[in-house]
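Note that the protein sequences, when read in sequence, are chains A and B.
Per the numbering used here: the first sequence ends with 760, consecutive numbering throughout.
Per the numbering used here: the second sequence ends with 746, consecutive numbering throughout.
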Amino acid sequence: MAGETAGYFVRRATGLVRAWSGFDAFIYAFFSVNFVTLGMYIMSFGPFVPKGHLLPAAIITGVLVTFLVIVYAGLIAAMPRAGGDYVWQSRILGGGIAFVLAVTGWWFILWHWVPIYGNILSIQFFAPILSTLGRPAAAQWFGTPTGIFLSSLVVLAFVAYYIAIGMEGYARIQKACFWGGLVGLAIVFLLLLVGSQAQFQQAFNREAVSLFGASGDVYAQTLEASRKYGFTPGAFGSMPLGPSILLIPMLVFYLLWPNWGATLYGEVRGASDYRRVFSGMFWGLWVTVALSVVFFLLVAKTMGWDFYLAANSNYWATIYDPKNAPALAVPLWPYPAMLATWLVNNRAFQLIVLLLMSLWFWGWSGTVFLSSTRVIFAAAFDRVLPEWAASVSPKSHVPTGALVLMVVPSIVVSYLYAYRPGFATLTLDATLVIAVTYLGSVFAATIFPWRRSQLYESSPIARYKVAGLPLISVAGVITIAFLLFNLWKWVTDATYGVNNRQSGVYMLVLYALALVIYIIARVVRARQGIDLARIHSEIPVE
Amino acid sequence: MLRLFFATDIHGSDVCWRKFLNAGSFYRADVLILGGDMTGKALIPIVRDGGRHEVLFRDDRHVLETEQEVRAMEDRIAARGYYSVRVSRGEMIALQGDPARVEALFAERMQSTLERWLALAEEKLRGQHLRCFVCPGNDDRFEVDEVIRRSAVIDLAEGRVVDLGGVEMISTGWSNPTPWQTYRECPEEELGTRIERMVAQLRDPTQAVFNLHCPPYRSQLDEAPALDRELRPLYGGQAVRPVGSTAVRDAILRHQPILSLHGHIHEARGVARLGRSLALNPGSSYETGILQGALVEVDTRGVRSYMLVAG
Chain A
219 MAGETAGYFV RRATGLVRAW SGFDAFIYAF FSVNFVTLGM YIMSFGPFVP KGHLLPAAII
279 TGVLVTFLVI VYAGLIAAMP RAGGDYVWQS RILGGGIAFV LAVTGWWFIL WHWVPIYGNI
339 LSIQFFAPIL STLGRPAAAQ WFGTPTGIFL SSLVVLAFVA YYIAIGMEGY ARIQKACFWG
399 GLVGLAIVFL LLLVGSQAQF QQAFNREAVS LFGASGDVYA QTLEASRKYG FTPGAFGSMP
459 LGPSILLIPM LVFYLLWPNW GATLYGEVRG ASDYRRVFSG MFWGLWVTVA LSVVFFLLVA
519 KTMGWDFYLA ANSNYWATIY DPKNAPALAV PLWPYPAMLA TWLVNNRAFQ LIVLLLMSLW
579 FWGWSGTVFL SSTRVIFAAA FDRVLPEWAA SVSPKSHVPT GALVLMVVPS IVVSYLYAYR
639 PGFATLTLDA TLVIAVTYLG SVFAATIFPW RRSQLYESSP IARYKVAGLP LISVAGVITI
699 AFLLFNLWKW VTDATYGVNN RQSGVYMLVL YALALVIYII ARVVRARQGI DLARIHSEIP
759 VE
Chain B
436 MLRLFFATDI HGSDVCWRKF LNAGSFYRAD VLILGGDMTG KALIPIVRDG GRHEVLFRDD
496 RHVLETEQEV RAMEDRIAAR GYYSVRVSRG EMIALQGDPA RVEALFAERM QSTLERWLAL
556 AEEKLRGQHL RCFVCPGNDD RFEVDEVIRR SAVIDLAEGR VVDLGGVEMI STGWSNPTPW
616 QTYRECPEEE LGTRIERMVA QLRDPTQAVF NLHCPPYRSQ LDEAPALDRE LRPLYGGQAV
676 RPVGSTAVRD AILRHQPILS LHGHIHEARG VARLGRSLAL NPGSSYETGI LQGALVEVDT
736 RGVRSYMLVA G
């Protein structure tokens with residue numbers, strides 16, 4: 219039976235679904251720009267830009283990433299169900315460029331995210347929980363190479379489990395983690411809100427003595443140690459814009475991912491779908507920015523901004539400058555959630571809050587391979603990768619090929635990260651390489667209205683213009699400038715730790731590997747009578 | 436060796452139909468196969484209001500001042516895969532209260548569009564050494580078959596064995612039950628019987644092509660967005676569930692054709708192996724005007740090469 223929907227009529231036909239919940243899309247984006255796992259982690263690097271301030275940097279980054287959201291929402295609405303960067307770039311720029319950029323950015327480099335996830339698991343889960351349980355030696359062990367390697371293997375086991383149970387099972391877990399994690403964060407914020415700085419100093423000193431055998435006024439010692447090391451934290455009220463902008467290439471480590479894995483299913487009705495896709499990512503980004511601002515204010519009020527920066531400076535000095543680093547009274551990464559729980563002198567309470575906060579990790583960890591699996595499948599369907607890369611076990615329905623291509627190299631990379639001095643520096647490229655892939659997609663989006671004009675004109679985004687120019691192109695130009703700024707800073711400024719020769723060579727090897735695979739595929743397929751160049755060529759209409 | 440081009444689920448898109456007709460020369464194919472669901476899903480009223488027209492298209496309200504603008508809008512609607520109808524304000528109100536009239540209008544528009552498409556096919560395919568098969572899908576009304584049957588250049592493939600040129604093919608657009616209660620759906624047992632009836636007429640099922648609109652269950656080619664009771668995608672559209680047919684799966688596993696061609700689930704573009712059989716679902720992006728398809732080279736020994744294309 220035919221029915222009327224908002225001024226037009228639909229009949230009974232497969233796939234005519236109602237609009238999906240924008241809130242669910244928000245959860246996915248919100249977890250991708252993860253305020254706790256990625257955010258709190260990278261914020262702790264703030265002292266590396268001593269004159270910069272995290273608060274304005276987070277807001278400016280949010281504004282600039284919004285343009286990225288506009289671009290990606292446009293690509294998703296114009297080419298739904300395409301599966302992401304690889305297919306968009308293939309259709310606009312060609313298969314070769316798309317393969318090299320997408321495979322490097324969404325496959326090879328994600329091997330390097332596994333030990334980063336492992337490191338975050340170690341410092342945000344194992345170490346604080348074990349120390350709360352009165353096992354400081356075990357907590358510190360998780361900071362050793364073997365501890366980090368073990369954490370990486372735990373991450374891999376969980377991610378493999380998420381892939382095995384499928385997206386629906388993972389989405390269900392993610393939703394539970396979202397609510398549980400929010401409860402944990404609300405408790406942390408509440409503790410910081412009602413606690414005074416005097417209470418915090420007292421709690422910090424008490425726990426440092428009780429858990430780690432420190433003595434005296436450890437809070438004051440932390441500040442003093444930082445000063446002696448050569449880092450003098452700036453005042454919270456001082457927010458110079460110029461130096462703060464230099465923090466942006468760090469903060470993109472958590473704020474650059476609202477579009478992670480975003481796609482659009484079902485029939486595309488029109489502009490409302492564009493707005494829904496945009497809203498999910500936009501609010502995921504901006505709620506995270508808002509949480510960051512609240513966090514900075516609460517930290518400054520209760521922990522003391524100078525203490526927060528000093529504690530982080532001292533910790534990272536022990537990692538990157540161990541010869542000159544001050545001795546740590548609390549020999550762990552100063553996890554803000556753990557420090558906040560110390561305001562309540564109750565081990566069970568502290569443990570519960572830390573477990574709730576760990577849901578930010580468990581709900582998020584499955585994101586690491588999600589996009590990789592899509593890229594591997596898409597490349598296999600395009601015959602660039604062998605068919606087995608997209609194979610699925612007939613019994614368990616697990617994508618065994620993609621899983622092997624992700625897991626095995628990740629184990630090797632995690633091992634090198636843990637045991638090979640200097641390799642960890644190379645993983646700082648993790649953000650850089652994905653930014654290059656984004657650059658490819660954003661460039662494709664910018665020229666999309668002219669390069670594939672028919673496709674653009676038939677899309678719901680064609681109506682959005684700025685001064686007569688397509689919105690996607692205008693937002694694309696701004697995003698290109700933003701990404702180029704970050705790339706330029708990463709490559710030229712030692713602050714970010716990736717501008718060394720080794721790092722550059724390593725990146726080039728990854729790109730060369732992708733290029734070699736593509737060239738081999740072209741040659742092999744040509745011999746089989748398959749012209750890969752034909753895959754995305756448009757058939758004439760007339 | 437035969438080169439087949441297979442596309443599916445174009446759902447009324449004028450652009451995709453034109454591309455389909457051009458795909459033979461573009462990909463140097465010997466045979467064109469359209470897998471099903473040819474007809475559009477929506478009817479867009481263009482409402483006369485005095486000397487001008489108003490239309491709600493893709494969430495946007497357009498006011499059309501001239502006949503030229505109305506025609507251009509009709510073309511845009513057709514390119515998107517929808518049907519348009521010019522009505523007065525009073526007729527629009529009447530339509531809103533009369534689902535049977537809307538249904539009849541749909542039928543009339545489908546038929547006239549299809550006739551126009553077939554005329555275009557005559558023009559494009561006549562004289563070419565190219566065979567073209569069409570098999571309506573579960574979303575297509577039964578009247579569609581009659582219209583196709585009248586074509587001199589296109590063969591209706593539903594429910595029968597056809598010879599592609601040394602390789603036989605069976606086809607059905609019927610599917611297992613869907614939440615939308617479409618025209619050609621039936622219980623799994625019945626679908627199995629339909630398939631077996633055709634298989635019985637094949638010389639050798641292991642050297643045949645199965646063109647079955649519905650993909651096999653749990654093959655990855657059948658993963659559709661998981662829906663709640665109100666047909667709303669769950670978890671922001673991220674969660675997918677297998678919705679394919681067990682009868683189709685059983686038939687492929689039992690008879691092991693060289694190739695099975697599927698559609699139905701637009702999102703599930705992909706390739707799967709079921710035993711020795713290669714199963715393909717090129718997916719569909721009909722609303723964007725991109726014709727997704729599969730280019731396959733076959734002979735009686737099997738599939739020599741294949742690739743999924745987006746043209």
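Think of the CB as a built atom: it goes at the ideal place given N, C-alpha and C, for glycine as much as any other residue.
Source: prediction; values computed, not measured.
Within this structure, are the beta carbons of B/H701 and B/G471 separated by less than 8 Å? no
How long is the line joining the alpha carbons of B/M437 and B/P571, rounded to whole angstroms? For the record, residue 437 of chain B in the displayed sequence is Leu; it is not Met. Straight-line Cα distance between these residues: approximately 23 Å.
Against chain D, does A/F599 count as a neighbour if the rule is that its beta carbon must be under 8 Å from one of theirs? Structure shown: chain D not included; protein chains present are A and B.
Listed in chain order, which residues of the segment 498 to 522 of chain B have Cβ atoms closer than 7 Å to some Cβ of chain A? A514, R515
Test: A/G747 CB closer than 8 Å to a CB of chain B: yes
Range of the contiguous beta strand (DSSP E) that encloses B/N748: Only positions 436 to 746 of chain B appear in the structure, and residue 748 of chain B is not among them; the question remains open.
Under 8 Å Cβ-Cβ, which residues of chain A neighbour B/D484? The contacting residues do not exist; B/D484 stays about 13 Å from chain A at best.
Take A/M219 and list the residues in its own chain whose beta-carbon comes closer than 6 Å to its own, dropping the five residues that flank it on each side. Low confidence applies here, because A/M219 scores a pLDDT of 47, under 50, leaving its location unreliable; read the following figure in that light. Taken in chain order, the list of residues that qualify is empty.
Enumerate in chain order the residues of its own chain whose CB-to-CB distance from A/V593 is below 6 Å, with the five nearest sequence positions on each side excluded. Y304, A320, W324, W325
Cβ separation of B/Y721 and B/G516, assumed to be a contact under 8 Å, to the nearest whole Å: 5 Å
For A/M521 and A/Q419, the rounded distance between their alpha carbons: 7 Å
Please confirm whether B/I693 has its beta-carbon closer than 8 Å to some beta-carbon of chain A. no
Are the C-beta atoms of A/R752 and some chain B residue less than 8 Å apart? yes
Measuring straight from C-alpha to C-alpha, what distance separates A/A404 and A/L572? 12 Å
Extent of the continuous alpha helix (DSSP H) run through A/I466: 466 to 473
Checking 8 Å against the spacing of the C-beta atoms, do B/R496 and B/E489 come in under that value? yes
Comparing alpha-carbon positions, which option in A/E425, A/V741, A/H271, A/P461 lies nearest A/N564? A/E425
Considering only DSSP beta bridges, list what B/M527 is partnered with. Its beta-bridge partners do not exist; DSSP assigns none.
Every unbroken alpha helix (DSSP H) inside the segment 547 to 623 of chain B [4 residues or more]: 578 to 584
Give the single residue among B/S460, B/G710, B/P614 whose Cα lies nearest to the Cα of A/E756. B/S460
Closer than 8 Å to chain B by CB, A/L673: yes
Taking 8 Å as the CB-CB limit, is A/Y246 close to chain B? yes
For A/A547, three-class secondary structure by DSSP: coil
Boundaries (first-last residue) of the alpha helix (DSSP H) holding A/F666: 647 to 669
Going by DSSP in three states, B/D444 sits in which element: helix, strand or coil? coil
Ordered along the chain, which non-local residues of its own chain (more than five positions away) have a Cβ less than 7 Å from that of A/A662? W306, Q307, I310, L311
Any chain A beta carbon closer than 8 Å to B/D598: no
Inter-residue Cα distance where the pair is A/V505 and A/P476: 11 Å
I want to verify the contact list: residues of chain B whose CB lies under 7 Å from the CB of A/A243, in sequence order. G671
Figure out for me which residue from A/A732, A/V517, A/G747 has the closest Cα to the Cα of A/G313. A/A732
Members of the segment 720 to 736 of chain B near chain A, C-beta cut-off 9 Å: S720, E722, T723, G724, I725, L726, G728, L730, E732
Does chain B have any CB closer than 8 Å to the CB of A/S676? yes
Taking contact to mean at least 3 C-beta pairs separated by less than 8 Å, is the segment 357 to 368 of chain A in contact with the segment 377 to 388 of chain A? no
Contact set between B/Q642 and chain A, taken where Cβ atoms lie within less than 9 Å: Within chain A, no residue comes near B/Q642; the closest Cβ sits about 20 Å away, beyond 9 Å.
Where the segment 601 to 635 of chain B meets chain A: residues whose CB sits under 7 Å from a CB there: T613, W615, Q616, T617
Under 8 Å Cβ to Cβ from A/S531, same chain only, skipping five residues before and after it: list those, please. P265, S444, Y447, F449, P451
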